[in-house]
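2 protein chains.
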Amino acid sequence: MECGLLFSGGKDSSLAALLLEEFYDVTLVTAHVGVTDDWEHAREAAESLGFAFEAIELDGDVADEAVEVMREDGFPRAGIQQVHEAALEAVAADYDVVADGTRRDDRVPTVSRAVAQSLEDRHGVDYVAPLSGFGRGAVDRLVEENLVVESGPSEAIPKGDYETELRARIRQRWGESVVDEVFPDHEQTRVVGRAGPDA
Amino acid sequence: MECGLLFSGGKDSSLAALLLEEFYDVTLVTAHVGVTDDWEHAREAAESLGFAFEAIELDGDVADEAVEVMREDGFPRAGIQQVHEAALEAVAADYDVVADGTRRDDRVPTVSRAVAQSLEDRHGVDYVAPLSGFGRGAVDRLVEENLVVESGPSEAIPKGDYETELRARIRQRWGESVVDEVFPDHEQTRVVGRAGPDA
Chain R
31 MECGLLFSGG KDSSLAALLL EEFYDVTLVT AHVGVTDDWE HAREAAESLG
81 FAFEAIELDG DVADEAVEVM REDGFPRAGI QQVHEAALEA VAADYDVVAD
131 GTRRDDRVPT VSRAVAQSLE DRHGVDYVAP LSGFGRGAVD RLVEENLVVE
181 SGPSEAIPKG DYETELRARI RQRWGESVVD EVFPDHEQTR VVGRAGPDA
Chain H
31 MECGLLFSGG KDSSLAALLL EEFYDVTLVT AHVGVTDDWE HAREAAESLG
81 FAFEAIELDG DVADEAVEVM REDGFPRAGI QQVHEAALEA VAADYDVVAD
131 GTRRDDRVPT VSRAVAQSLE DRHGVDYVAP LSGFGRGAVD RLVEENLVVE
181 SGPSEAIPKG DYETELRARI RQRWGESVVD EVFPDHEQTR VVGRAGPDA
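So the sequences go chain by chain: R and H.
Our numbering puts the first sequence at residues 31 to 229.
Our numbering puts the second sequence at residues 31 to 229.
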């Protein structure tokens, strides 16, 4: 079965790919909104892991609706959730199985059982979240054993996630001060290869 | 890392084992309560899949408290949940990682995020539920491709799950009519091997 796994180049979606690769024909899919070329960092990460890769451009309205919600909220969560759900819909149109790297303790994006069931019923696909039964500690230990990762502040680590593009879109529309309002500082990671004897 | 995966010989815990085998040293662990030898069916299934196996006998009080709850409720759920949590505690004492085969849409047993976190904090282990991000359809399709399964009514398929022993304990204490009151008829499955070219 053809599985499209939403992929940012980060450790969670990379580990999800390793968990699924024995069971599905996995393509790593990066959704972008046409604002920057940062999805190419995800392509590099996908290549370093040896997976097929696809970039999907979401409708421009998705980004604009999301950044408006984010500016209004003063937090990124709801907007990122909207983009994630739009990305799941896009993948569901092209694959038998839709997957993502959401963890047990992720706050955003999250995919509730109801959203998952709705996606499955409307598109005739399976939605699978292979890390949703793993907490942060378990994920960190598996990442350490199976991936090579570099980490640093969000702005220093080029990734292919929605955040990078949504930051850019906010900067375009309202300037850097609104970016700082919406996005608190936090550490990002990017995967640069597999660890261990098979690497 | 040494992972003890709670194992009944059924398709869910078998598929969970296949998902984890690339990442941990997996031992399939069947918890029993000393009422019957049905855990030996789980050992046979574990052998047919090529995994290490361990049987753990839980304290006799666990079974007696569970069947009393089940008789009072007229349903098996709460009692089975109690035994499952006692089994997780027992595995957590001996392994680095505790796992089970609970699915996204399982009603019992379920392990809430709070129960998982508590288990992890008290024992210094990771709790992982590799199928908790998979629905019934996804599990069924993966089972069909990866396992050989026989199915039939609960009483005809010998398995090593708690239900078999708890039925026996209820029969011992209160007779067959109480077994029928507590357990509605449903289909059971038992794994008898791996499918596909590697089988």
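For glycine and all other residues, C-beta sits at the position ideal for the given N, C-alpha and C.
Could you tell me whether any Cβ in chain R is nearer than 9 Å to the Cβ of residue i?
{"i": "Arg143/H", "result": "yes"}
{"i": "Ala117/H", "result": "no"}
{"i": "Val127/H", "result": "yes"}
{"i": "Phe53/H", "result": "yes"}
{"i": "Thr132/H", "result": "yes"}
{"i": "Leu49/H", "result": "yes"}
{"i": "Glu175/H", "result": "yes"}
What residues match up with residue i in a beta bridge as DSSP calls it?
{"i": "Arg220/H", "result": "Glu180/H"}
{"i": "Val56/H", "result": "Cys33/H"}
{"i": "Phe164/H", "result": "Val158/R"}
Grouping DSSP H, G and I as helix and E and B as strand, with all else coil, what is residue i?
{"i": "Val158/H", "result": "strand"}
{"i": "Asp126/H", "result": "coil"}
{"i": "Ala82/H", "result": "strand"}
{"i": "Leu88/H", "result": "coil"}
{"i": "Gly34/R", "result": "strand"}
{"i": "Asp94/H", "result": "helix"}
{"i": "Gly226/H", "result": "coil"}
{"i": "Val121/H", "result": "helix"}
{"i": "Thr194/H", "result": "helix"}
{"i": "Arg137/R", "result": "coil"}
{"i": "Asp170/R", "result": "helix"}
{"i": "Ile187/H", "result": "coil"}
{"i": "Gly109/H", "result": "helix"}
{"i": "Asp270/H", "result": "Chain H is shown only over 31 to 229; residue 270/H falls outside these bounds and no answer can be derived."}
Just checking: is the beta-carbon of residue i within a distance shorter than 9 Å of some beta-carbon in chain H?
{"i": "Gln147/R", "result": "yes"}
{"i": "Val138/R", "result": "no"}
{"i": "Ala96/R", "result": "no"}
{"i": "Ser242/R", "result": "One cannot answer for residue 242/R here, as it falls past the ends of chain R, which runs 31 to 229."}
{"i": "Arg152/R", "result": "no"}
{"i": "Ser162/R", "result": "yes"}
{"i": "Tyr157/R", "result": "yes"}
{"i": "Asp135/R", "result": "yes"}
{"i": "Ala72/R", "result": "no"}
{"i": "Arg171/R", "result": "yes"}
{"i": "Gly205/R", "result": "no"}
{"i": "Leu36/R", "result": "no"}
{"i": "Glu102/R", "result": "no"}
{"i": "Ala198/R", "result": "no"}
{"i": "Ala168/R", "result": "yes"}
{"i": "Gly165/R", "result": "yes"}
{"i": "Glu32/R", "result": "no"}
Could you spell out where the alpha helix (DSSP H) holding residue i opens and where it closes?
{"i": "Val65/R", "result": "Unbroken run through Val65/R: none, as it is neither H nor E."}
{"i": "Arg133/H", "result": "Where Arg133/H is concerned, there is no enclosing alpha helix (DSSP H), given that its DSSP letter is neither H nor E."}
{"i": "Arg152/R", "result": "Arg143 to His153"}
{"i": "Glu211/R", "result": "Glu206 to Val212"}
{"i": "Asp42/H", "result": "Lys41 to Leu50"}
Please indicate yes or no: does the CB of residue i lie closer than 8 Å to some heavy atom of the ligand PLP?
{"i": "Leu161/R", "result": "Judged by which ligands are present, the structure shown has none, so any question about the ligand PLP falls away."}
Problem - Any 3 or more C-beta pairs closer than 8 Å across the segment 166-174 of chain R and the segment 137-156 of chain R - result: no
Handout entry: Given 8 Å, three or more beta-carbon pairs between the segment 81-94 of chain H and the segment 113-129 of chain H
Key = yes
Practice task
Report yes or no: do three or more beta-carbon pairs, one from the segment 57-72 of chain R and one from the segment 168-180 of chain R, lie closer than 8 Å?
Solution key: no
Practice task
Evaluate the contact criterion for the segment 67-77 of chain H versus the segment 91-107 of chain H: three or more CB pairs, one atom per stretch, below 8 Å.
Solution key: Cβ pair count under 8 Å is below three, so no.
Handout entry: Touching by the beta-carbon criterion (3+ pairs, under 8 Å), the segment 128-137 of chain H and the segment 40-47 of chain H
Key = The segment 128-137 of chain H vs the segment 40-47 of chain H: in contact.
Handout entry: Inter-stretch contact (C-beta, 8 Å, three-pair minimum) for the segment 106-114 of chain R and the segment 131-151 of chain R
Key = yes
Handout entry: Segment contact flag, the segment 100-110 of chain R with the segment 199-211 of chain R, C-beta cutoff 8 Å, min 3 pairs
Key = yes
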